[in-house]
Amino acid sequence: MAVDKRATRLGVLAVVGAILFGTVGVRLWFLQTVEAEALQVEVEETKRRTVPLLPERGRIFDAEGRILADNERVLTVAVDWEVLRRDSTRSEIFTRLSGWVGVPVEEMEARYADPATFSPFLPMPVAEDVDERTASAIRERVEDLPGVEIIEQWRRVYPYAPLASHVVGYMGAITAETKDEYLDRGYYLNERVGQFGIELSMEEHLHGKWGYVTYEVDKFSRIVREIERVPAVNGRDVQLTIDLDQQQYAEQALETQLKLRREAVARNGLDPETNFTERFFPEYPEEVPFKAPAGAVVVKNWENGHVVALASYPTYDNRWFESGLSGAEFEEVFDATDLSRIERDEDGEIIPESLVVDPDRSTLVNRAIQGRYNLGSTFKPFPAYAALQVGFLGVDDVYEDTGTYRMDSVDEFKCETGLVRCVFRNATCSGTGRPCVYGSVDVNTALAVSSDAFFYRIGERLMTEYDYQPILQQEVEKFGFGADTGIELPFEFDGTVPDAELKARYAELGVISEAEGEDYFTGDNVQLAIGQGLLSASPLQLAVGYSSIASGGFVMKPEIIKAIYEPGVPDADRVGFADISRARFAEEPNVRGELVRQIPMSAAIREEITSGLRRVITGPGTTSDYYHRTTGENLFYYYPESAIPIAGKTGTAQGANNYPWNDSSAFAAFSVDPERPYTASAYLEKAGYGSQGAAPVVKCIFLQLSGIQDADPVSLSDPLDTDNLIPAEPKELADTSCYNGRFSAVRGTE
Amino acid sequence: MTGLLSRRPDSGLGNIKASPADPSRNIDWVLLTAQMLLTVIGCFIVFSTSRTRIDVDPYAFVTRQTIFAIIAFFVMGAVMATDYEFWKDRARSLYTLTILSLVFLFLLGVASGEDRISYDLGPINVQPAELAKFTTLLMLATYLAEERSDEVSYARFLGGLIIVGVPATLVIIQPDLGSASVIVSIAMGVLLVAGAKIRYIFAISALSIATVAAAFVGRLVNSYQIARLNALLNPDSVGLDETYQADNAMRALGTGGVWGKGWLEGPLTNDGDIPVMWADFPFAAVGEQFGLVGCAVVLLLIAVVLIRIWRIAHLSRDLLGTYLCAGVFVMLLWQTFQNVGMTLQIMPVTGLPLPFISYGGSGLIVYFAMFGLVQSVHMRRMR
Chain A
17 MAVDKRATRL
27 GVLAVVGAIL
37 FGTVGVRLWF
47 LQTVEAEALQ
57 VEVEETKRRT
67 VPLLPERGRI
77 FDAEGRILAD
87 NERVLTVAVD
97 WEVLRRDSTR
107 SEIFTRLSGW
117 VGVPVEEMEA
127 RYADPATFSP
137 FLPMPVAEDV
147 DERTASAIRE
157 RVEDLPGVEI
167 IEQWRRVYPY
177 APLASHVVGY
187 MGAITAETKD
197 EYLDRGYYLN
207 ERVGQFGIEL
217 SMEEHLHGKW
227 GYVTYEVDKF
237 SRIVREIERV
247 PAVNGRDVQL
257 TIDLDQQQYA
267 EQALETQLKL
277 RREAVARNGL
287 DPETNFTERF
297 FPEYPEEVPF
307 KAPAGAVVVK
317 NWENGHVVAL
327 ASYPTYDNRW
337 FESGLSGAEF
347 EEVFDATDLS
357 RIERDEDGEI
367 IPESLVVDPD
377 RSTLVNRAIQ
387 GRYNLGSTFK
397 PFPAYAALQV
407 GFLGVDDVYE
417 DTGTYRMDSV
427 DEFKCETGLV
437 RCVFRNATCS
447 GTGRPCVYGS
457 VDVNTALAVS
467 SDAFFYRIGE
477 RLMTEYDYQP
487 ILQQEVEKFG
497 FGADTGIELP
507 FEFDGTVPDA
517 ELKARYAELG
527 VISEAEGEDY
537 FTGDNVQLAI
547 GQGLLSASPL
557 QLAVGYSSIA
567 SGGFVMKPEI
577 IKAIYEPGVP
587 DADRVGFADI
597 SRARFAEEPN
607 VRGELVRQIP
617 MSAAIREEIT
627 SGLRRVITGP
637 GTTSDYYHRT
647 TGENLFYYYP
657 ESAIPIAGKT
667 GTAQGANNYP
677 WNDSSAFAAF
687 SVDPERPYTA
697 SAYLEKAGYG
707 SQGAAPVVKC
717 IFLQLSGIQD
727 ADPVSLSDPL
737 DTDNLIPAEP
747 KELADTSCYN
757 GRFSAVRGTE
Chain B
87 MTGLLSRRPD
97 SGLGNIKASP
107 ADPSRNIDWV
117 LLTAQMLLTV
127 IGCFIVFSTS
137 RTRIDVDPYA
147 FVTRQTIFAI
157 IAFFVMGAVM
167 ATDYEFWKDR
177 ARSLYTLTIL
187 SLVFLFLLGV
197 ASGEDRISYD
207 LGPINVQPAE
217 LAKFTTLLML
227 ATYLAEERSD
237 EVSYARFLGG
247 LIIVGVPATL
257 VIIQPDLGSA
267 SVIVSIAMGV
277 LLVAGAKIRY
287 IFAISALSIA
297 TVAAAFVGRL
307 VNSYQIARLN
317 ALLNPDSVGL
327 DETYQADNAM
337 RALGTGGVWG
347 KGWLEGPLTN
357 DGDIPVMWAD
367 FPFAAVGEQF
377 GLVGCAVVLL
387 LIAVVLIRIW
397 RIAHLSRDLL
407 GTYLCAGVFV
417 MLLWQTFQNV
427 GMTLQIMPVT
437 GLPLPFISYG
447 GSGLIVYFAM
457 FGLVQSVHMR
467 RMR
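Just so you know, the protein sequences line up as chains A and B, in that order.
Using the working numbering, the letters of the first sequence map in sequence onto residues 17 to 766.
Using the working numbering, the letters of the second sequence map in sequence onto residues 87 to 469.
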């Protein structure tokens with residue numbers, strides 16, 4: 017019968033079920049009674065320990081593949097926090113370790129007492145950078161030293177330091193202010209992070225990601241087996257647009273020229289107003305030496321915005337930050353006190369009040385992007401563009417320069433009573449001791465001889481004839497003034513283009529008087545037109561502005577990153593180089609650069625400005641009372657035909673109290689050869705006229721770029737001399753002949 | 087005991103309007119109660135295993151499990167209210183639909199270049215493999231019941247194998263070996279009861295055992311491959327030492343002893359030493375917190391459920407009902423044995439959840455639907 021068979025078969029199922037349940041039941045009973053105790057012991061002995069796996073930081077290369085920042089493996093002795101928490105074992109371990117690693121017990125205790133600087137998730141480091149022998153000796157004695165381990169870490173090395181130190185930057189401990197942010201991003205407190213330069217701006221790419229491995233350990237902390245492993249992801253390698261050949265040359269040219277300028281003097285001439293009986297500054301002697309403390313140079317490609325060299329002086333050696341200096345030694349290296357103000361008492365002791373910080377001597381500032389500089393006449397091409405672009409001026413319009421400019425939009429009465437400054441003078445001509453008189457000048461000539469009066473008029477009229485709208489500001493801001501350039505370097509200065517808002521803010525801050533801050537006056541615009549007053553910009557902004565003229569209105573973002581590669585670009589056979597040909601891009605590189613904006617600039621306007629700037633270099637000047645040379649004519653007299661043809665402009669920014677020895681020297685120039693599209697700008701603080709200080713540096717750089725001037729080969733640097741507590745070894749330009757012009761004494765006007 | 091196993095069908099009291107054969111008067115309350123008790127215990131276990139593992143809300147998993155249980159309850163109600171004969175006519179189309187969705191999922195996986203086991207429909211994702219368990223059982227039972235003989239012919243046996251083989255293969259290549267083994271176990275149960283020759287059954291058993299044995303041998307020979315297999319079966323635990331999870335699960339269970347460490351007092355459960363415990367090793371949590379006694383209660387409840395299903399298979403008025411019950415019986419038996427067995431380390435680690443106890447919505451809904459079928463067979467046995 018069917019049902020019976022069905023029952024039989026269901027019976028089979030029941031039997032199978034019973035057997036399975038029986039098996040489970042027996043095993044369960046066995047585990048939970050017989051085995052329970054043994055398993056309990058096993059559980060108590062089983063512990064897990066997670067060991068973080070350190071990522072290797074990405075390296076930094078120059079445009080040729082030179083390794084500017086590398087990593088060196090160091091061994092650190094560290095102790096597990098668990099072990100240290102027990103006072104008895106701590107002192108015992110410290111005592112035992114002390115002999116091995118050569119660190120006094122007190123120092124270890126001090127570290128333990130200040131745990132805020134160490135990550136609670138990593139073992140506490142006791143001694144960094146122990147040698148291989150010590151490490152293996154400690155490893156062999158693991159049984160006697162519970163919780164002690166040898167950790168592999170990385171130390172940053174800079175094989176070409178101090179070259180490009182301001183660009184590459186340096187690393188340091190995580191500070192209290194940045195602690196929360198870094199911890200949120202998965203960092204450990206012990207880590208060193210980028211503090212300046214590319215090390216800081218590219219931190220995200222360079223750092224990589226921590227991995228970890230979890231072990232099961234027994235009660236002796238011995239590893240039983242691996243439970244989980246998440247490998248670390250190394251940081252990406254970053255290649256810069258900087259070419260170390262050019263960078264070294266620029267740094268040498270800048271430093272050497274600054275030192276030469278310190279030997280030069282500014283003349284404190286006789287004032288014609290006093291019938292040549294008294295000096296302009298009677299309390300000072302006839303000649304005052306220049307301080308020439310600092311400066312910066314930018315060399316870039318005007319076509320794609322790539323920055324080839326970015327020099328800043330005084331410079332420093334970024335290896336100091338990895339050298340483990342004590343606090344006091346560090347202070348000595350990076351001391352920035354004003355040496356000229358130091359006073360001593362009778363016993364020869366320094367009076368503490370006389371130790372004043374001198375901003376001129378600060379080293380940890382990249383003046384090429386952070387410098388807040390008055391541009392002086394190097395700014396003139398931009399007001400010239402503004403006047404031509406808005407139609408105020410035609411290319412052939414002529415103005416009669418009489419040496420002074422008198423504003424005509426201001427009430428005669430206010431001028432007479434001195435309520436408003438209405439008269440603006442040209443710079444003093446050394447031939448007459450009076451303001452230079454250039455006679456009939458058009459835009460072209462005004463740029464060539466740097467006629468202030470011509471631009472004073474532009475400053476006034478662009479306001480009065482255009483309804484007092486900020487026309488000049490709008491036009492020059494197109495070139496990037498008053499806003500950061502967006503270069504991938506930290507702490508960039510935005511620059512300022514003065515207007516009512518800025519003046520009000522400055523008045524509030526007490527930089528200018530309250531009366532002065534009330535409004536933006538016509539006089540301010542007159543000053544702005546020659547690059548004086550509250551206008552300020554960095555040498556990089558100046559270079560970007562000139563590049564935009566060179567390219568006919570394309571404002572390119574200055575680019576310092578050439579490429580970002582996947583981790584692990586291998587070394588090349590040549591020492592100090594990476595093999596870029598075997599690298600893989602992490603991000604598609606932007607070789608053509610990034611266009612920020614395109615400025616409307618007709619060929620006629622571009623040609624007019626460029627030819628004016630070209631005349632600065634080649635001459636001729638203009639003849640009025642006598643022949644006035646252009647500002648660069650003498651310096652570039654022997655500039656060879658085969659060298660890159662350039663167009664440029666000098667500038668002299670007046671410094672504190674208008675003392676001539678406080679004049680800062682500026683020069684910017686661009687190549688008119690599209691095959692070699694370079695722009696260079698230089699700024700030398702308190703170093704005299706533009707043609708004396710900055711222009712020779714730029715001239716040398718263009719000669720070197722042309723291949724005419726030889727540059728020293730770049731070589732790996734010698735180890736850092738830690739006995740000599742100076743920020744950086746001095747550099748010297750081997751051949752300084754390129755500084756010279758036609759006459760030994762360079763012509764005396766800006 | 088006899089009371090538990092059999093209840094006289096006409097023992098309903100009081101309601102003279104309904105005939106003793108009225109389906110609503112023939113719900114198996116013992117089965118229903120045991121099943122509900124297991125579900126409630128499951129929610130408690132899910133809470134105890136997941137509360138320290140989730141950052142935001144310790145109740146997140148148990149809340150979802152409760153919602154799943156309520157949904158599953160209504161699904162079961164719907165299946166109970168339907169005569170199981172209803173499915174007979176629709177078995178073919180449902181089965182075809184399942185195969186199509188499995189094939190389409192496979193093609194989708196090929197197109198996207200990654201393994202796919204579910205359709206992601208926004209907030210919910212549908213696993214066709216779960217649906218396959220239900221529809222394959224219906225199809226197979228219907229197909230074999232058509233024979234109307236107590237012993238299947240060789241031809242029909244082969245037909246049955248194809249019916250099971252197609253979805254099982256599609257599920258294996260997903261890859262979801264766990265679900266495939268469930269589908270195969272269902273088929274074995276149904277074929278056995280349908281009267282397949284013992285040697286046929288042995289043939290399939292031998293094949294299945296060979297596979298399992300290969301896995302065991304592989305474990306001894308090459309732990310890397312086992313780790314891969316394990317990762318295949320249980321993607322949540324990828325990257326873990328494959329024996330770590332199982333070792334700690336056994337330790338948790340064993341250290342519970344006879345009486346357990348108490349509710350929420352299990353150190354291994356609380357510290358999360360057993361990854362994905364709420365899905366893979368809930369039985370270890372039972373063992374650690376409630377000891378041998380707690381484990382016995384859970385196993386006893388499952389045994390009661392099995393016995394009731396076995397009884398209904400007996401009482402069924404037709405072959406279809408018997409086959410359906412047999413399928414559910416073997417499925418539950420296999421899955422329980424496999425999951426508890428891996429906690430006790432007598433079976434290899436797979437991702438098969440413990441029915442009613444493990445966290446997981448689709449598994450719960452499928453089980454409730456199947457129990458609805460079983461109830462439906464019981465409710466309509468006297469017509």
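Even for Gly, the Cβ is constructed at its ideal location relative to N, Cα and C.
The structure displayed is predicted, hence computed values, not measured ones.
With H, G and I counted as helix, E and B as strand and the rest as coil, what does DSSP make of asparagine 112(B)? By 1-based counting over the second sequence, the position of residue 112(B) is 26. Asparagine 112(B) falls in the coil class under three-state DSSP.
Rounded C-alpha distance that separates alanine 34(A) from leucine 419(B): The residue labelled residue 34(A) in the question sits at position 18 within the first sequence. The residue labelled residue 419(B) in the question sits at position 333 within the second sequence. Their backbone Cα atoms lie some 10 angstroms apart in a straight line.
Suppose you measure from the CA of alanine 30(A) to the CA of isoleucine 131(B); what does that come to, to the nearest Å? Taking the first sequence and counting its residues from 1, the one referred to as residue 30(A) is at position 14. Taking the second sequence and counting its residues from 1, the one referred to as residue 131(B) is at position 45. If I take the Cα positions, the gap works out to 29 angstroms.
Short check: CB of arginine 774(A) to CB of glutamate 232(A), under 8 angstroms? No answer is possible for residue 774(A): it lies beyond the span of chain A, which begins at 17 and ends at 766.
Any C-beta of chain A sitting closer than 8 angstroms to the C-beta of isoleucine 432(B)? Here residue 432(B) is taken as the residue at index 346 of the second sequence, counted from 1. At least one chain A Cβ lies under 8 angstroms of isoleucine 432(B).
If you draw a straight line from the C-alpha of phenylalanine 560(A) to the C-alpha of arginine 613(A), how long is it? Mapped onto the first sequence, residue 560(A) falls at position 544. Mapped onto the first sequence, residue 613(A) falls at position 597. Going by the sequence as given, residue 560(A) is valine instead of phenylalanine. Using only the alpha carbons, I get a separation of about 12 angstroms.
Partners in chain B for leucine 36(A), counting only beta-carbon separations shorter than 9 angstroms: Counting from one through the first sequence, the residue named residue 36(A) turns up at place 20. Those within 9 angstroms of leucine 36(A) in chain B are Leu419, Trp420, Thr422, Phe423, Gly427.
Assumed close pair alanine 227(B), glycine 348(B) - CB separation to whole angstroms, cut-off 8 angstroms: Counting from 1 along the second sequence, the entry for residue 227(B) is found at position 141. Counting from 1 along the second sequence, the entry for residue 348(B) is found at position 262. Going by Cβ atoms, the distance from alanine 227(B) to glycine 348(B) rounds to 45 angstroms, so no, they are not a contact pair.
Could you please give the first and the last residue of the uninterrupted beta strand (DSSP E) stretch that includes tyrosine 755(A)? Working through the first sequence from its first residue, we reach residue 755(A) at position 739. Taken as a continuous stretch (DSSP letters only), tyrosine 755(A) belongs to no beta strand (DSSP E), as it is neither H nor E.
Among Glu745(A), Pro743(A), Asn740(A), Gly709(A), whose alpha-carbon lies nearest the alpha-carbon of arginine 754(A)? Numbered from 1 along the first sequence, position 738 holds the residue referred to as residue 754(A). In the sequence as displayed, the identity of residue 754(A) is cysteine instead of arginine. It is Gly709(A) whose Cα lies nearest to the Cα of cysteine 754(A).
Is valine 459(A) helix, strand or coil by DSSP? Taking the first residue of the first sequence as 1, we reach residue 459(A) at position 443. When DSSP states are grouped into helix, strand and coil, valine 459(A) belongs to the helix group.
Name the two residues that bound the continuous beta strand (DSSP E) containing glutamine 169(A). The count along the first sequence starts at 1 and reaches residue 169(A) at position 153. Residues 164 to 173.
Cα-Cα separation, phenylalanine 454(B) to proline 162(A): For the purposes of this step, residue 454(B) is taken as the residue at position 368 of the second sequence. For the purposes of this step, residue 162(A) is taken as the residue at position 146 of the first sequence. Each residue's alpha carbon lies about 56 angstroms from the other.
What is the C-beta distance between aspartate 427(A) and alanine 325(A), in whole angstroms, given that I count them as a contact (C-beta under 8 angstroms)? On the first sequence, residue 427(A) is found 411 positions in, with the first residue counted as 1. On the first sequence, residue 325(A) is found 309 positions in, with the first residue counted as 1. No, aspartate 427(A) and alanine 325(A) are not in contact; Cβ-Cβ is about 51 angstroms, not under 8 angstroms.
List the residues of chain A that alanine 412(B) touches, going by C-beta distances under 8 angstroms, in chain order. Taking the second sequence and counting its residues from 1, one reaches residue 412(B) at position 326. Ordered by position in chain A, the residues that pass the 8 angstroms Cβ test against alanine 412(B) are Leu26, Leu29.
As assigned by DSSP and simplified to three states, the class of glycine 325(B): Residue numbering aside, residue 325(B) sits at position 239 when the second sequence is read from its first letter. With a pLDDT of 41 at glycine 325(B), under the threshold of 50, the modelled position of this residue cannot be trusted; read the value that follows with caution. Glycine 325(B): coil per DSSP, three-state reduction.
If you follow the beta strand (DSSP E) that glutamine 255(A) is in, where does it begin and where does it stop? Here residue 255(A) corresponds to residue number 239 of the first sequence, with the count starting at 1. Start and end: 253 to 256.
Just the C-alpha distance for alanine 248(A) and leucine 69(A), rounded to the nearest angstrom, thanks. What you label residue 248(A) is simply residue 232 of the first sequence in a count that begins at 1. What you label residue 69(A) is simply residue 53 of the first sequence in a count that begins at 1. In this structure, the straight-line span from the alpha carbon of alanine 248(A) to that of leucine 69(A) is close to 6 angstroms.
So, are the CB atoms of glutamine 375(B) and serine 136(B) less than 8 angstroms apart? Taking the first residue of the second sequence as position 1, residue 375(B) is located at position 289. Taking the first residue of the second sequence as position 1, residue 136(B) is located at position 50. For glutamine 375(B) and serine 136(B), no; Cβs fall outside 8 angstroms.
For alanine 282(B), I'd like the list of residues in its chain whose CB is within less than 6 angstroms of its CB, leaving aside the five on either flank, ordered along the chain. Looking up residue 282(B) in the second sequence gives position 196. Counting only Cβ-Cβ distances below 6 angstroms, and skipping sequence neighbours, we find Val238, Phe243.
Where the alpha helix (DSSP H) containing glutamate 233(B) begins and where it ends: For the purposes of this step, residue 233(B) is identified with residue 147 of the second sequence, where counting begins at 1. Segment: none, glutamate 233(B) is in no alpha helix (DSSP H) and carries neither H nor E.
Quick one: what does DSSP say asparagine 442(A) is sitting in, helix, strand or coil? Translated into positions along the first sequence, residue 442(A) becomes position 426. Three-state DSSP puts asparagine 442(A) in coil, outside helix and strand.
Does the beta carbon of valine 59(A) come closer than 8 angstroms to any beta carbon on chain B? Along the first sequence, one-based indexing puts residue 59(A) at 43. Yes, contact with chain B.
Need the endpoints of the beta strand (DSSP E) that glutamate 144(A) sits in, please. Start at 1 with the first residue of the first sequence, and residue 144(A) comes out as number 128. Segment 140 to 146, the beta strand (DSSP E) holding glutamate 144(A).
Whole-angstrom Cβ separation of threonine 257(A) and proline 330(A), contact assumed at under 8 angstroms? Position 241 of the first sequence, counting from 1, holds the residue named residue 257(A). Position 314 of the first sequence, counting from 1, holds the residue named residue 330(A). That pair is no contact at about 24 angstroms.
Looking at C-beta atoms only, is the number of pairs between the segment 529 to 539 of chain A and the segment 354 to 368 of chain A that lie closer than 8 angstroms three or more? no
Residue closest to aspartate 728(A), alpha-carbon to alpha-carbon, out of Leu179(A), Arg630(A), Asn250(A), Thr668(A): In the first sequence, counting from the first residue as 1, residue 728(A) sits at position 712. Nearest option by C-alpha distance: Leu179(A).
So leucine 186(B) is in the alpha helix (DSSP H); what residue range does that whole segment cover? For the purposes of this step, residue 186(B) is identified with residue 100 of the second sequence, where counting begins at 1. Note, leucine 186(B): alpha helix (DSSP H), 171 to 198.
Quick check: is the beta carbon of lysine 573(A) nearer than 8 angstroms to any beta carbon in chain B? Taking the first sequence and counting its residues from 1, one reaches residue 573(A) at position 557. Chain B, which has no Cβ nearer than 8 angstroms to the Cβ of lysine 573(A), makes this no.
May I ask you to report which of helix, strand or coil DSSP gives tyrosine 453(B)? Here residue 453(B) refers to the residue found at position 367 when the second sequence is read from its first residue. Correct three-state label for tyrosine 453(B): helix.
Cβ neighbours of histidine 221(A) in the same chain (closer than 8 angstroms, five flanking residues each side left out): By 1-based counting over the first sequence, the position of residue 221(A) is 205. Here the set comprises Gly74, Gly251, Arg252, Val254, Ile580, Ala602.
Where aspartate 417(A) and asparagine 460(A) are concerned, what is the direct C-alpha to C-alpha distance, given to the nearest angstrom? Walking along the first sequence from the start, residue 417(A) turns up at place 401. Walking along the first sequence from the start, residue 460(A) turns up at place 444. Using only the alpha carbons, I get a separation of about 14 angstroms.
Between arginine 305(B) and chain A, is any beta-carbon pair separated by less than 8 angstroms? Counted from its first residue, the second sequence places residue 305(B) at position 219. Unreliable placement is indicated for arginine 305(B), whose pLDDT of 39 sits below 50; the coordinate value is still reported in the next sentence. Answer no: the Cβ-Cβ gap between arginine 305(B) and chain A never drops below 8 angstroms.
Cβ closer than 7 angstroms: which chain A residues qualify as neighbours of arginine 389(B)? On the second sequence, position 303 is the one that residue 389(B) refers to. According to the sequence shown, residue 389(B) is alanine rather than arginine. Those are Phe37, listed as they occur along chain A.
Where do the N-terminal and C-terminal ends of the alpha helix (DSSP H) with tyrosine 265(A) fall, by residue? Here residue 265(A) is taken as the residue at index 249 of the first sequence, counted from 1. Looking at the DSSP string, the run of the alpha helix (DSSP H) that includes tyrosine 265(A) is 260 to 279.
The alpha helix (DSSP H) enclosing asparagine 541(A), as first and last residue numbers: Reading the first sequence from its first residue, position 525 is the one you call residue 541(A). Note, asparagine 541(A): alpha helix (DSSP H), 538 to 544.
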